[in-house]
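Chemist: Below you'll find the structure I mean.
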Amino acid sequence: MLLFSCSLNDKSIESKIVSELQDIKELNLSNYNDFDWDSVIILNPYSNIEKIEKEKDINLSDVSTSIERLDNINLVVFLKNVKAVKYSEVHRSIADFDNYQDIIEKQNANFKLISDLKDNCTC
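Just so we're aligned: 80 in my numbering is position 63 of the sequence shown, and the numbers increase by one with no gaps anywhere.
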């Protein structure tokens, strides 16, 4: 018997985000084309996944619920047809965001670094 897990958590996305913020001080998620997605939602610490699913009419059933109890990460969730296809836990020491829980269309998923305090930034 062969068992395997198909996790939507993509740790390489966090690496790309770190690199992009360090190199150009911008985060252009709209250029992330390694997988098929059409929008993104960023969840802040202690977000209630079930509540957000109902409010936004999206499917986050395959997304980690770690965001509900952790305060040191943001959850960047990529959606395709209102269903999560990939996500990344991005430590807040890397990036913190101003527009939590908005569904952002792919072509508009671009952020600029607006403050750089020590090793922490706000996008």
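No residue lacks a Cβ here, since even glycine has one placed at the ideal position from N, Cα and C.
Should residue 173 go down as buried or exposed, given a rule of 16 or more other Cβ atoms within 10 Å for buried?
Modeler: The structure shown has nothing for residue 173, since the chain only spans 18 to 140.
Chemist: Would you list the residues sitting across from residue 43 in a DSSP beta bridge?
Modeler: One-based indexing of the sequence shown puts residue 43 at position 26. BP columns for residue 43 point to 129.
Chemist: Determine the contact status of residue 57 and residue 46, defining contact as a CB-CB distance below 8 Å.
Modeler: Along the sequence shown, read from residue 1 onward, the residue named residue 57 stands at position 40. Along the sequence shown, read from residue 1 onward, the residue named residue 46 stands at position 29. Taking 8 Å as the Cβ cut-off, residue 57 and residue 46 qualify as a contacting pair.
Chemist: One question on the structure: do residue 90 and residue 64 come within less than 8 Å of each other, judged by their Cβ atoms?
Modeler: As a working note, residue 90 is residue 73 in the sequence shown. As a working note, residue 64 is residue 47 in the sequence shown. Not closer than 8 Å, so no.
Chemist: Since residue 75 and residue 96 should fall inside the 8 Å C-beta cutoff, what is the C-beta to C-beta distance between them, to a whole number of angstroms?
Modeler: Within the sequence shown, numbered from 1, the residue matching residue 75 stands at position 58. Within the sequence shown, numbered from 1, the residue matching residue 96 stands at position 79. Confirmed, about 6 Å.
Chemist: Where does residue 69 land, buried or exposed, given buried means 16+ other C-beta within 10 angstroms?
Modeler: Working through the sequence shown from its first residue, we reach residue 69 at position 52. Per the 10 Å Cβ criterion, buried.
Chemist: Per DSSP, what kind of secondary structure is residue 92 in: helix, strand or coil?
Modeler: Counted from its first residue, the sequence shown places residue 92 at position 75. When secondary structure is reduced to three states using DSSP, residue 92 falls in the strand class.
Chemist: Kindly indicate which three-state DSSP category residue 58 falls into: helix, strand or coil?
Modeler: Residue 58 sits at position 41 when you count from the first residue of the sequence shown. Three-state DSSP puts residue 58 in a strand.
Chemist: Does residue 105 come out as helix, strand or coil in the three-state DSSP assignment?
Modeler: Here residue 105 refers to the residue found at position 88 when the sequence shown is read from its first residue. Strand.
Chemist: If residue 79 and residue 25 are in contact, beta carbons under 8 Å, what's the gap, nearest whole angstrom?
Modeler: Numbered from its first residue, the sequence shown carries residue 79 at position 62. Numbered from its first residue, the sequence shown carries residue 25 at position 8. Taking 8 Å as the upper bound for CB-CB distance, residue 79 and residue 25 are in contact here, some 5 Å apart.
Chemist: Using 10 angstroms around the beta-carbon of residue 119, count the other beta-carbons present and answer buried if the total reaches 16, otherwise exposed.
Modeler: What you label residue 119 is simply residue 102 of the sequence shown in a count that begins at 1. Under this definition residue 119 is an exposed residue.
Chemist: If you draw a straight line from the alpha carbon of residue 92 to that of residue 109, how long is it in whole angstroms?
Modeler: What you label residue 92 is simply residue 75 of the sequence shown in a count that begins at 1. What you label residue 109 is simply residue 92 of the sequence shown in a count that begins at 1. Approximately 10 Å between the Cα atoms of the pair.
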